[in-house]
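Please read the structure below before turning to the comments.
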Amino acid sequence: MKHFLIDTDTASDDAVALLMALREPSVRVEAITVVAGNCPLDIGVRNALISVELAGTYAPPVYAGMPQPLLRELVTSEHVHGKDGLGNMELPSPTSEKQSDHAVDIIIEMARRFPGELEIIALGPLTNLAMAILKEPTLPDLIRRVYIMGGAGLGPGNMTPVAEFNFYVDAEAAHLVIQSKLAKTVIGWDVCMAEAFLNRSDIAHLDSLGALGEFAARTSVSLIEFTKSFGMDGFGPADQTAVAVALYPDIVTKQFDVYGYVEYESEKAYGQFIIDQLQVTGKPHNVTVITEIDAKQFKEKLFQLLS
Ligand code: RIB
Ligand code: CA
């Protein structure tokens with residue numbers, strides 16, 4: 004049994020990603036930790052609890068983490084996912100409640116409970132994970148691998164021409180995590196907007212799958228609207244892609260090990276994930292970058308888990 008911890012800023016794509024992980028019988032989500040990002044922390048916690056209840060399988064404990072980036076003011080994304088983070092569905096409040104422990108402490112506790120086995124899937128800004136590394140420097144030795152949805156990969160940014168949202172919200176935290184000794188796989192915005200992109204017919208198929216498929220289609224309404232500004236009809240399932248790579252590594256068709264770093268000192272390039280493809284820095288590889296997945300397999304898994 005694979006043991007996962009999911010760190011999330013729980014907006015619409017995070018919510019569907021949580022459904023996927025909770026409905027995959029071969030893995031166990033040991034905990035869900037929430038970080039401020041798409042939504043203010045309390046809304047992210049609320050949406051995580053709603054997602055757990057919607058999944059209808061088992062209920063991992065949910066923990067609140069960092070309410071703002073390490074140094075910067077919080078930038079949220081109501082313009083992308085709606086005021087409630089879930090496409091303004093105005094769902095009823097969850098009946099369950101978060102736990103009282105802090106998410107940063109839980110990341111450390113779970114790593115110690117499953118030494119060498121715990122895999123983390125990071126779907127939001129990396130503030131929680133950065134704080135955990137600062138608090139427990141041996142963390143990289145305890146964690147099997149971190150799958151990070153972040154950075155623009157080899158494509159354009161979605162917040163600035165060079166920066167993707169998760170790394171843009173807290174570039175200092177992203178820098179700290181990427182420079183750490185953690186085993187890291189990064190799934191960038193480019194992959195989500197390419198093979199993984201869900202077009203109108205994919206969304207219609209989602210909608211035909213029953214309650215969870217309808218939720219996945221409906222909660223993405225604001226994201227579909229936002230994506231039109233890129234001249235595209237549909238949406239990039241960023242967090243769903245990251246979870247699928249973590250659950251089913253065989254869907255990856257192209258990846259490479261490389262030296263990467265996050266720009267946090269320049270205002271113009273703040274949050275850029277810079278990939279040294281030609282190894283001109285001569286620095287040792289510190290990350291595996293995914294550049295292509297099998298779209299057919301990804302979509303089959305997505306539809307199967309939501310059926
Ligand atoms: O840039 C896309 C990422 O930012 C996704 O994780 C989305 O949920 C937002 O957090
Ligand atoms: Ca997210």
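Numbering (my numbering), first residue to last: 4 to 310. All C-beta atoms, glycine included, are put in the ideal place defined by N, C-alpha and C.
Report the three-state DSSP secondary structure of residue i (helix, strand or coil).
i	result
ASP279	coil
GLU228	helix
GLN300	helix
VAL78	coil
HIS1	In the structure as shown, the chain begins at 4 and stops at 310. Residue 1 is therefore absent and cannot be evaluated.
PHE259	strand
VAL165	coil
GLU33	strand
ALA241	helix
ALA201	Residue 201 is actually Leu in this sequence, not Ala. Three-state DSSP puts LEU201 in a strand.
If we call anything under 8 Å between Cβ atoms a contact, is residue i one with residue j?
i	j	result
VAL194	ILE293	yes
TYR171	TYR273	yes
THR13	ALA51	yes
MET23	LEU305	yes
ALA176	LEU73	yes
ILE151	ALA125	yes
GLU167	ILE296	no
VAL246	ILE254	no
VAL37	GLY85	no
SER15	SER223	yes
ASP45	ILE123	no
Can you round the beta-carbon distance between residue i and residue j to whole angstroms, since I take them to be within the 8 Å contact cut?
i	j	result
THR60	LEU25	5 Å
VAL244	PHE301	Sequence inspection shows Thr at residue 244; the Val mentioned does not correspond to that position. 7 Å between Cβ atoms; contact.
VAL290	VAL189	5 Å
GLY40	ASN161	13 Å between Cβ atoms; not a contact.
GLU93	PRO63	With 8 Å as the limit, GLU93 and PRO63 do not qualify as a contact, their Cβ atoms being about 25 Å apart.
ASN202	ASP236	7 Å
Here's the rule I'm using: 16 or more other beta-carbon atoms within 10 Å means buried, otherwise exposed. How should residue i be labelled?
i	result
PHE7	buried
VAL149	buried
GLN280	exposed
PRO28	exposed
GLU100	exposed
ALA219	buried
Let me see if you follow: with CB-CB separation under 8 Å, is residue i close to chain B or not?
i	result
GLN258	Annotation note: the requested chain B is absent from the structure, which comprises a single protein chain.
- Query: Listed in chain order, which residues are found with a beta carbon closer than 7 Å to a heavy atom of ligand 2?
  - Reply: Here the list is THR11, ASP12, ALA14, ASP16, ASP17, GLY40, ASN41, LEU126, GLY127, MET152, ASN169, ALA241, ASP242.
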